[in-house]
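Residue numbers (numbering that gives the first Met the number 0): 0 to 451.
Cβ atoms here follow ideal geometry from the backbone N, Cα and C, with glycine treated the same way.
Small disclaimer: the values here were computed from a predicted structure and weren't measured.
Inspection log for the structure reproduced underneath, given as structure tokens.
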Amino acid sequence: MSDSSPAESQAVRKALRRLGPLVLLLYTAGYLDRVNLGTAALTMNADLGISVSAFGFATGIFSAGYIALQVPGNLALNQLGPRRWLGLLTMSWGVVAVLSSLIQGEGSLIASRIALGAVEAGMLPGMLMYLTIWFPPRMRGRVTALVCLPFYAILGTPLSAAIIQYAHGVMGVAGWRWMFILEGVPTIILGLVLLRFLTDSPATAPWLTEPEREALLRATTAETATEKLKIRFIDVLQRLRDLRLVTLSVGVSLLWVGFVAITSFLPLIITGFAQQAHTKLSVLQTGLLSGAVYIPATLVALLWVSSSDRRNERVWHVACGALLAAAGTVLAANTTGLWLTLLGTVLLTSGIYAALFLMWQIPVGHLRGPVAMSVGIALTTMLGNIGSFLAPYIVGWLRDATGNYNSGLYFIAASLIGCAVVTVTGNRIRTRGATSPTPISHRGDIEEVTAH
């Protein structure tokens with residue numbers, strides 16, 4: 000904030016205090032209701048006779064509805080506004096999460112995951128677009144990191160495990176069913192809170208003074224956020240023909256292979272390695288270890304993002320984060336002791352989160368105009384979710400085929416190395432109208448969402 004005016008600095012602080020906690024709760028609820036299935040699997044799979052490969056397929060199929068409705072979701076956000084769209088979405092997936100407690104087997108598990116993916120499709124691109132409306136480009140790395148802190152894993156995974164262990168048998172209901180109910184209901188309530196307290200843009204914020212509002216609008220060029228964008232099919236087609244955008248979105252997909260695999264399977268992976276080390280863990284102990292892995296990962300990610308913002312550089316920070324995660328994956332796959340395995344998973348998680356907070360900004364860094372930004376962000380997350388679809392099934396299939404998670408970890412490592420390579424090379428692709436093959440500067444208007 001050293002380059003900003005006093006009015007802009009004050010406006011940003013107000014926005015962060017008022018909106019930051021709401022967006023953090025939105026992100027936490029979205030990912031908790033998405034990844035708590037990995038904790039439920041500790042007892043649910045045995046209860047329902049679900050194999051690891053079938054579980055992986057059900058986890059991955061979440062992305063089917065997610066991919067299909069990603070672009071329509073961002074179009075709906077522009078029509079309804081962030082407050083109404085994100086609030087209604089949150090209530091909807093809370094209802095689906097509660098209904099997941101009625102799962103009876105593989106078929107209903109798959110159906111529930113497709114439904115959850117469909118109603119959550121607009122959450123992440125909508126949230127990212129919302130941050131571009133409220134925060135200047137130079138701050139978006141740090142702000143994204145702050146509102147995307149993995150509390151859903153640090154606190155949510157132990158909470159899910161505690162519910163499964165201690166609520167089991169209450170009123171004759173399995174603990175994993177109680178988990179879906181007790182974590183879905185607060186999400187519905189959060190949707191009502193978002194409908195009441197989110198503010199669509201600085202232009203409509205009564206809690207900003209006129210100088211603060213004008214300064215923040217100048218810094219974000221968010222004036223157009225108050226208008227309903229007219230997005231045509233040709234706008235979507237143009238983004239699909241953007242080789243740089245599509246190539247870098249492949250990098251996002253490869254990074255999400257590691258992210259989704261680790262968030263979906265971490266409790267099962269820790270249980271598997273504990274068994275190899277002849278150590279028996281309770282459900283709660285597994286949940287606590289799974290959550291603890293994310294604490295150093297969060298600290299590393301915050302330092303990484305701060306370094307990226309200070310240096311105005313994105314690409315090499317993402318590439319190095321992905322390579323760190325790959326190294327941790329290889330370490331986890333080649334050790335037999337539980338604690339060395341946990342160190343490997345810490346490095347894996349740290350690298351993924353260090354890259355994840357920055358990665359989404361790179362593909363759209365060269366886009367011009369709010370229409371291109373809106374469609375570009377949606378397409379990036381849509382194409383990136385292909386990795387989310389494939390990763391859990393492949394990891395689960397490899398686990399069933401080999402009897403351990405080592406081959407799945409090697410698959411994750413290869414994907415992360417691929418992410419680093421694609422990100423560095425894809426960022427050099429020239430775009431139509433570009434004057435040089437190098438990325439555009441970070442400084443400037445909303446389209447320059449820190450391309451490095």
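{"Asked": "For the segment 367-408, which segments carrying the beta strand (DSSP E) assignment without a break, of at least 3 residues, lie completely within its bounds, in sequence order?", "Found": "none"}
{"Asked": "Alpha carbon to alpha carbon, what distance is there between T219 and E7?", "Found": "10 angstroms"}
{"Asked": "Whole angstroms is fine: what's the gap from S159's alpha carbon to T262's?", "Found": "13 angstroms"}
{"Asked": "Which value, in whole angstroms, describes the spacing of the CA atoms of L236 and V374?", "Found": "10 angstroms"}
{"Asked": "Find the nearest neighbour of I268 within the set G257, N403, T297 and R12, judged by alpha-carbon distance.", "Found": "N403"}
{"Asked": "Answer yes or no: do W84 and G29 have a C-beta to C-beta separation smaller than 8 angstroms?", "Found": "no"}
{"Asked": "Quick one, are the C-beta atoms of G37 and T186 less than 8 angstroms apart?", "Found": "no"}
{"Asked": "Could you say if the segment 391-411 and the segment 44-64 meet the contact criterion of at least three C-beta pairs nearer than 8 angstroms?", "Found": "yes"}
{"Asked": "Distance check for W133 and A221, CA to CA, integer angstroms please.", "Found": "Confidence is the limiting factor: at A221 the pLDDT is only 48, short of 50, which leaves the residue's position unreliable and the question unanswerable from this model."}
{"Asked": "Taking the C-alpha atoms as reference points, what is the distance between L342 and G271?", "Found": "15 angstroms"}
{"Asked": "Helix, strand or coil for G19, going by three-state DSSP, please let me know.", "Found": "helix"}
{"Asked": "Return helix, strand or coil for A276, following the three-state DSSP convention.", "Found": "coil"}
{"Asked": "In whole angstroms, what is the alpha-carbon distance linking L181 and A45?", "Found": "21 angstroms"}
{"Asked": "Consult DSSP for T38 and reduce its assignment to one of helix, strand or coil.", "Found": "helix"}
{"Asked": "Please confirm whether G327 and L346 have their CB atoms less than 8 angstroms apart.", "Found": "yes"}
{"Asked": "Quick check: the Cα distance between T42 and Q78, rounded to an integer number of angstroms?", "Found": "42 angstroms"}
{"Asked": "DSSP three-state call for Q103: helix, strand or coil?", "Found": "coil"}
{"Asked": "Can you check whether the CB of L247 is closer than 8 angstroms to the CB of P362?", "Found": "yes"}
{"Asked": "Shortest alpha-carbon distance to L323 belongs to which of S349, A332, Y129 and Q9?", "Found": "S349"}
{"Asked": "Using 8 angstroms as the threshold, is the C-beta distance between L194 and P201 below it?", "Found": "no"}
{"Asked": "Around the Cβ of V454, are there at least 16 other Cβ atoms within 10 angstroms (buried) or fewer (exposed)?", "Found": "Only positions 0 to 451 of the chain appear in this structure, which leaves residue 454 out of reach."}
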